[in-house]
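Quick notes on the structure that follows.
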Amino acid sequence: MRVSTSYIHMQGVKNILEQQAKLIRTQDELAQGKKILVPSDNPSAAARVLDINEALAQITQYEENGNYATQRLNLEETTIDSSINVLQRVRELAIQAGNTGTYDLQAQKAIAAEMKEKLKELLDYANTKDATGDYLFAGFQSKILPFTTDAAGNYIYNGDQGQLALQIGSSRQVASTDSGAEVYQLNRTGNGVFTTDANITNGGTGRISTGSVVTPSLYPEQDYSIIMAEVFSVNVNTGSSLGTVNVASSLATNAQDPDFSSRVNIFFDPVNPAGTFDVINPATGAVLQNDVVYTTGMTVSQNGWQVELAGLPQPGDTLSITPNPLQYEYNVINKTTGATVLAAQPYTAGSAIAFDGIQVEISGQPVDGDVFTVEASRHQDIFTTLQNLITSLETPGSTEVRGVLGGDYINNGFNAGDTVTFDLNFDGQTINFSVTPPTPTNNEVATAMMTTIAGTAGIVANPDGTYTLPGTTPGVSVTFRRVGDNIEFITTGGVQDNANSVVINNITDTTNNAVLSIVASGNSVASQTTLNAAVVGDSASYLVGAPPKAYLSQQIDNALNNMDRSMDKMIDVQTRIGGRINSIESQASDNEAKKVYLQGVRSDIQDLDMAEAISNLTFQTTALQIAQQTFVKIQGLNLFDYIR
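Going by the numbering used here, the letters in the sequence shown line up with residues 252 to 895, in that order.
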């Protein structure tokens with residue numbers, strides 16, 4: 252093989268270039284710290300590195316999402332905690348206002364003023380924004396103000412029930428918010444299953460408990476009324492009964508004002524005309540009714556009660572009639588179906604009233620016709636709960652007018668065929684009464700009155716047997732109910748006394764022997780009265796003012812129950828927030844471990860072994876120097892230098 256001088260020269264240059272290329276490669280690897288500088292260096296390894304980088308980028312995004320979610324959840328937790336503090340303060344104020352022995356209306360208004368400020372504060376918390384300007388409790392509608400009020404003062408939720416979920420791991424999401432509906436709006440009233448209340452028309456001191464569910468499977472989630480009734484009775488003793496006179500029945504004829512203070516005797520006088528008797532007060536000897544002609548089956552009335560006599564009395568017979576103590580009983584009516592659940596049950600203050608799988612207690616002393624309600628729980632926002640409480644404290648019934656229509660017609664000589672007429676005017680509405688009962692009894696007069704009320708245009712029949720007549724002013728109405736032999740009325744709504752005044756006028760009485768009484772009922776203060784064309788013996792008293800303290804106490808109890816349910820819901824949300832924050836922290840630890848692992852794998856694939864690279868660099872530098880020196884030596888040689 253021939254080796255030319257040019258060949259030797261080319262090989263020397265090539266060797267130098269190769270050594271330079273290796274040295275430059277090693278220098279680049281050292282500069283970047285990587286052994287894969289371009290994908291072509293190791294295509295499969297480069298592909299793996301790309302996959303690992305993408306996974307690491309996802310983990311970085313998960314970390315950012317977790318940090319953002321943690322910030323929002325911490326803000327939500329703090330905001331809810333502040334909301335609970337507001338409700339705790341309102342709760343303290345409500346209990347303070349419930350101390351009816353200490354606080355009067357002026358003090359209650361002062362308490363209500365602080366509650367108003369707390370309500371505004373609570374509304375501000377519900378409309379909180381996060382660091383990016385999004386509303387925290389608006390659901391997916393994060394740019395819309397969550398809670399507002401309409402023209403009527405109702406609280407409106409403008410958001411939805413969505414929850415912003417953020418990806419914090421390859422297979423894990425976390426909700427970074429809770430909707431305002433969940434936190435502030437969808438709160439169950441009462442005990443969470445049903446709610447109890449007392450009608451504002453109640454005249455007694457009765458209060459109903461929150462109650463409890465005894466047998467859940469028996470409760471149909473329907474609405475009920477518990478209606479109280481007075482039970483009147485008399486005890487009859489026979490003094491010297493030579494005949495067979497007896498009492499067939501006894502009852503009260505005037506549920507508003509029976510007199511149980513003293514007993515009377517019915518004495519069949521042997522001297523006076525045969526078949527007559529006297530009604531005598533045995534304590535004073537006064538003759539209350541004289542020479543009354545006896546007929547079997549007749550009714551004897553006195554002091555607001557009556558007894559029915561039957562049999563064949565003899566001269567000298569005496570009946571001693573002693574009124575029994577006033578007692579109460581109650582009926583439970585299913586307002587949803589109209590069915591009577593319990594009838595004529597004896598009432599004992601504080602005793603359990605159980606029906607359809609639930610149980611409540613009524614304490615205090617109700618009066619005839621008082622109504623308590625038991626209704627399936629509804630959702631009510633906490634703002635409405637506080638506003639209702641504030642309203643009860645600020646104007647506790649200051650516009651209600653309460654009174655009773657009736658009279659002792661029999662004892663005033665009201666006879667068959669007699670007529671009494673009058674007009675009842677209320678807020679632009681008129682009921683024209685013309686009472687001509689078939690028999691001259693208080694019961695018939697009351698029945699005729701209720702018939703007139705029921706037939707009035709625009710009247711609304713209620714499930715509990717009452718009738719409501721709406722006024723011409725929106726929200727203003729008057730409700731009538733039968734109480735014994737009388738008709739009770741109660742007005743609601745309005746903002747001024749005269750907006751709710753009930754006026755009785757155009758009274759006529761064909762024989763001037765009837766009494767139309769409009770008397771007090773409940774805790775109220777006297778207000779204006781208008782009577783025209785009144786006959787002798789007519790009396791009237793219009794009442795306007797605060798309802799009994801028992802009603803205000805009941806509203807405070809109800810508000811406390813609703814606030815407790817709302818705080819329970821908020822605490823439950825806080826608990827879930829804590830769980831989510833823990834979940835984020837746990838996932839962050841998992842992400843960090845995965846990140847370290849992937850970084851290690853990537854390092855194994857692409858990172859340079861610095862010690863090895865430096866050794867290679869030294870070796871390659873030496874090799875280059877040797878190649879260069881060798882080339883210098885070789886290029887100076889010439890074959891002819893040896894042929895001499």
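Yeah, the Cβ is synthetic: ideal placement off N, Cα and C, and Gly gets one too.
The structure presented is a predicted model; accordingly, all values stated were derived computationally and were not measured.
- For residue 606, the CB contacts under 7 angstroms within the same chain, skipping 5 residues up- and downstream, are 583, 592 and 593 in chain order.
- In this structure residue 459 is buried. Its beta-carbon is surrounded by 16 or more other beta-carbon atoms within 10 angstroms.
- Under the three-state reduction of DSSP output, residue 398 falls in the strand class.
- Ranked by Cα distance from residue 615, the first of 683, 807 and 456 is 456.
- Boundaries around residue 697 are those of the alpha helix (DSSP H), 693-705, since no beta strand (DSSP E) includes it.
- Between the C-alpha atoms of residue 349 and residue 803 there is a straight-line separation of about 8 angstroms.
- In the structure shown, the three-state DSSP call for residue 718 is strand.
- For residue 634, no beta strand (DSSP E) run applies; the uninterrupted alpha helix (DSSP H) run containing it begins and ends at 633-645, by DSSP.
- A contact is defined here as three or more CB-CB pairs under 8 angstroms, and the segment 405-422 meets this definition with respect to the segment 314-332.
- Contact between residue 466 and residue 608 holds: their C-beta atoms lie close to 4 angstroms from each other, under 8 angstroms.
- The bridge partners DSSP lists for residue 380 are 386.
- A distance below 6 angstroms between beta-carbons, with the five flanking residues on each side excluded, links residue 682 to the following residues of its chain, in chain order: 675 and 707.
- Contact check for residue 410 and residue 382: beta-carbon distance about 19 angstroms, past the 8 angstroms limit, so the pair fails to qualify.
- Judged by pairs of C-beta atoms under 8 angstroms, the segment 629-641 touches the segment 813-830, as three or more such pairs exist.
- Of the residues assessed, residue 472 falls on the exposed side of the cut-off, its CB having fewer than 16 other CB atoms within 10 angstroms.
- Residue 832 and residue 324 do touch by the CB rule: their CB atoms are close to 5 angstroms apart, below 8 angstroms.
- Its Cα nearest to that of residue 400, the residue 378 stands out among 392, 391 and 378.
- In chain order, 418, 419, 420 and 842 place their CB closer than 7 angstroms to the CB of residue 313, counting only its own chain and leaving out the 5 sequence neighbours on each side.
- In the three-state reduction of the DSSP assignment, residue 559 falls in the strand class.
- CA-to-CA, the gap between residue 478 and residue 360 works out to about 32 angstroms.
- Restricting attention to alpha helix (DSSP H) runs no shorter than 4 residues, the segment 316-378 encloses them at 356-377, ordered along the chain.
- Distance check between residue 694 and each of 557, 271 and 759 places 557 closest, using alpha-carbon atoms only.
- When the five nearest sequence neighbours on each side are left out, the beta carbons in the same chain lying within less than 6 angstroms of the beta carbon of residue 627 are those of 445 and 472, in order along the chain.
- About 34 angstroms separates the beta carbons of residue 576 and residue 521, which is beyond the 8 angstroms limit, so they are not a contact pair.
- Apart from the 5 residues on each side of it in sequence, residue 849 sits with its Cβ closer than 7 angstroms to the Cβ of 303, 306 and 307 in its chain, given in chain order.
- For the pair residue 406 and residue 367, the Cα-to-Cα distance works out to about 14 angstroms.
- 450 is the residue among 450, 827, 834 and 404 whose C-alpha sits nearest the C-alpha of residue 732.
- Bridge pairing for residue 568: absent [DSSP].
- The beta carbons of residue 474 and residue 586 sit closer together than 9 angstroms.
- Shown here for residue 545: same chain residues with a beta carbon closer than 8 angstroms to its own, the five before and five after excluded, namely 519, 526, 527, 528, 560 and 564 in chain order.
- The alpha carbon of residue 599 has as its nearest neighbour, out of 515, 480 and 572, the alpha carbon of 480.
- Excluding its 5 nearest sequence neighbours in each direction, residue 595 has C-beta neighbours in its own chain below 7 angstroms: 580 and 582, listed in chain order.
- Distances from the alpha-carbon of residue 537 to those of 515, 603, 835 and 550 put 515 closest.
- In this structure, 329 is the residue among 329, 881, 543 and 463 with its C-alpha nearest to the C-alpha of residue 821.
- Residue 732 is bridged by DSSP to 739.
- In the three-state reduction of the DSSP assignment, residue 812 falls in the helix class.
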